[in-house]
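Residue numbers (our numbering): 1341 to 1594.
For reference, the structure is listed below as structure tokens.
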Ligand SMILES: Cc1cc2nc3c(=O)[nH]c(=O)nc-3n(C[C@H](O)[C@H](O)[C@H](O)COP(=O)(O)O)c2cc1C
């Protein structure tokens, strides 16, 4: 497969410039700007147009501190000018079904997946919209370490599932120096007509690229590569409470 020279467009540039930003200047985010970004992000496609997501902005410092502690002490949760919890939200959908005499939702896996996919597409649109105006941010899956804390702190009712958090702010000088992490070559991602297992040589080459990237990160240098980091991340973070938690929220019950 021959790859064409990279094309450019403002959106392609913005996508390629993405890096998670965890360090912010003190400047606040204007409420109107945030509302505009959310409105634009809502134009994400939505399965059957159910728009099954909600955001909860967390303003109270005590609430941020509680959630940050539950997420493993991620200080950017407390420091970011805006911290939002991105939720898969089936409550409006459930109401529509009941109002129209079609019965309540019953926790089907299909509905659960649709809501979580909607939430993720919307949230990535929101981060991209934010990056397009110079903001930076990072998703916070760490809220799933102890998701009951988020439910209690934000008084989330059934059928509202906190999926991940999103910190947003204007990048600090230091954050602006950060380089984007190299991604896997397209050949590893794109299959033609049938699936082919990853070529160990291509994975090895990507591991070498990532090892060099990690080693070159100055004070944030690390000594592993993609495979080692992935194995540590996955096998060290099973969050065995998740299946029960999902079911108690009314998701994946059947
Ligand atoms: C769903 C999701 C959850 C994440 N959770 C965290 C998190 O809890 N803390 C954190 O610092 N980064 C988190 N990240 C950011 C990833 O670590 C980051 O996207 C990845 O390492 C690639 O780096 P980049 O975003 O700078 O390109 C999360 C990303 C995603 C998509």
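Glycine residues also receive a C-beta, built at the ideal position from the N, C-alpha and C atoms.
Since we're looking at a predicted model, the values are computed, not measured.
In this structure, the straight-line span from the alpha carbon of residue 1547 to that of residue 1573 is close to 15 Å.
Between the alpha carbons of residue 1377 and residue 1530 lies a gap of roughly 31 Å. Relative to the Cα of residue 1419, the nearest Cα in the group 1459, 1506 and 1354 belongs to 1506. At a threshold of 8 Å, residue 1482 counts as near ligand 1, since its beta carbon sits closer than that to one of the ligand's heavy atoms.
For residue 1397, the enclosing beta strand (DSSP E) starts and ends at 1393–1397. Between the region 1424–1434 and the region 1500–1514, the count of C-beta pairs closer than 8 Å reaches three or more; the two stretches touch. Beta-bridge partners assigned by DSSP to residue 1502: 1427.
Linking residue 1565 to residue 1550 through their CA atoms gives a straight-line distance of about 5 Å.
For residue 1409, the secondary structure class from DSSP, reduced to helix, strand or coil, is helix. Less than 9 Å divides the Cβ of residue 1414 from the Cβ of residue 1362. Taking C-alpha positions only, residue 1518 is separated from residue 1398 by approximately 27 Å.
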